[in-house]
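Peer 1: Everything in the sequence shown is counted per my numbering, starting at 9 for the first residue and increasing by one.
Yeah, the Cβ is synthetic: ideal placement off N, Cα and C, and Gly gets one too.
Pasting a structure here, questions to come.
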Amino acid sequence: MVDQEYLPRHTVLPRSTCLDLLARSTLARVVISVRCLPAALPARIALVEGRLLVASAEESVILAAKRHDVISVQVDGLEEGGQLWSVMASGLASRAWDVEGLPAPIEESLANGATLIELPLTVLVGQRIG
């Protein structure tokens, strides 16, 4: 029997809060399928004009974007009061072109060989834990 008193509480976050948390994040995990196995690979992210941009040098992520595969981007954080949060965005990935005004961390990643990928926020879910 599970003691309900010790289970963490989960609160579903509204889309507006998920967008705010994504906008404050610069690092994420890109979740994709590689040879039919799940993989979570690090990447730089930025929310620019309502679009989620991902800078990655991982060949599997770049190939997924070229094929317009469904990928997910997942970020976690810890608030000042010790409460955890998690946000996941999913959609059909594609290469991003003609994007101006990129944040410095994305520009730096691109200068170091990363490819810029765009992910529409088709599915955006989040939760607070604890």
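1) Looking at the strands, I want to know which residues DSSP matches up with Thr123.
2) What is the DSSP secondary structure of Thr25, reduced to helix, strand or coil?
3) Which residues in the same chain as Pro111 place their Cβ atom closer than 8 Å to its Cβ, once the five residues preceding and following it in sequence are excluded?
4) Could you tell me whether the Cβ atoms of Leu124 and Ala63 are closer together than 7 Å?
5) As a quick exercise: from Gly89, Ser117, Leu71, Leu86, pick the residue whose alpha carbon is nearest that of Arg43.
6) Can you give the Cα-Cα distance for Leu138 and Pro113, rounded to whole angstroms?
7) With DSSP as the reference, label Leu129 as helix, strand or coil.
8) Count the other CB atoms, across all protein chains shown, that sit within 10 Å of the CB of Trp105; report buried if there are 16 or more and exposed otherwise.
9) Ends of the beta strand (DSSP E) at Arg37?
10) Is DSSP giving Ala51 helix, strand or coil here?
11) Just to confirm, are Val95 and Gly58 a CB contact at a threshold of 7 Å?
12) Per DSSP, Asp84 is paired with what?
13) Skipping 5 residues on each side, what residues in its chain have a beta carbon closer than 8 Å to that of Val78?
Peer 2: Short version:
1) Ser64
2) helix
3) Thr34, Ala54, Val56
4) yes
5) Leu71
6) Reading the sequence as shown, one finds Gly at residue 138 and not Leu. Those two C-alpha atoms are separated by around 31 Å.
7) coil
8) exposed
9) 35-42
10) strand
11) no
12) Ser94
13) Ser98, Gly99, Leu100, Ala101
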